[in-house]
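Residue numbers (my numbering): 62 to 163.
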């Protein structure tokens with residue numbers, strides 16, 4: 062199994078409560094449509110952003126899902142995805158990380 066953690070940054074800023082509501086609605090639509098965890102990432106330096114996590118049986122499947130989410134965001138009308146930071150790794154990597162703490 063593989064996991065992914067992604068931050069999608071948008072061109073538009075979250076200047077108003079309406080913008081925040083629209084971004085929260087977009088996160089909810091992504092959760093329902095793609096069966097992932099999605100939340101609004103509020104960073105004044107970056108502006109409007111979503112944090113998304115997903116799991117899948119292969120890195121290719123996760124990459125396909127993340128590409129589809131990016132396209133969905135672009136077509137949603139909220140704004141163009143300006144930046145995308147992603148980490149995709151195998152669950153065994155988490156075990157290696159945890160063993161370093163011991």
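Just so it is clear, CB atoms sit at the ideal spot from N, CA and C, and this is done for glycine as well.
May I ask you to list the residues that DSSP assigns as paired with residue i?
{"i": "residue 101", "result": "111"}
{"i": "residue 145", "result": "69"}
{"i": "residue 116", "result": "64"}
Just verifying my parser: in three-state terms, what is the DSSP assignment at residue i?
{"i": "residue 150", "result": "strand"}
{"i": "residue 136", "result": "helix"}
{"i": "residue 78", "result": "helix"}
{"i": "residue 96", "result": "coil"}
What's the gap between the Cα of residue i and the Cα of residue j?
{"i": "residue 93", "j": "residue 123", "result": "16 angstroms"}
{"i": "residue 82", "j": "residue 128", "result": "24 angstroms"}
{"i": "residue 138", "j": "residue 109", "result": "14 angstroms"}
{"i": "residue 142", "j": "residue 132", "result": "9 angstroms"}
{"i": "residue 72", "j": "residue 64", "result": "26 angstroms"}
{"i": "residue 80", "j": "residue 86", "result": "10 angstroms"}
{"i": "residue 135", "j": "residue 120", "result": "23 angstroms"}
{"i": "residue 84", "j": "residue 95", "result": "16 angstroms"}
Within a Cβ cutoff of 8 angstroms, which residues of the same chain sit near residue i, ignoring the five residues on either side of it in sequence?
{"i": "residue 97", "result": "91, 113, 114, 115, 126, 130"}
{"i": "residue 102", "result": "68, 110, 111, 112"}
{"i": "residue 62", "result": "116, 117, 118, 151, 152"}
Ordered along the chain, which non-local residues of its own chain (more than five positions away) have a Cβ less than 7 angstroms from that of residue i?
{"i": "residue 88", "result": "99, 100, 101, 111"}
Identify, in the order they occur along the chain, each residue of the same chain with its Cβ nearer than 6 angstroms to the Cβ of residue i, setting aside the five sequence neighbours on each side.
{"i": "residue 66", "result": "114, 148"}
{"i": "residue 165", "result": "No statement about residue 165 is possible, as the shown extent of the chain runs from 62 to 163 and does not include it."}
{"i": "residue 140", "result": "71, 72, 73"}
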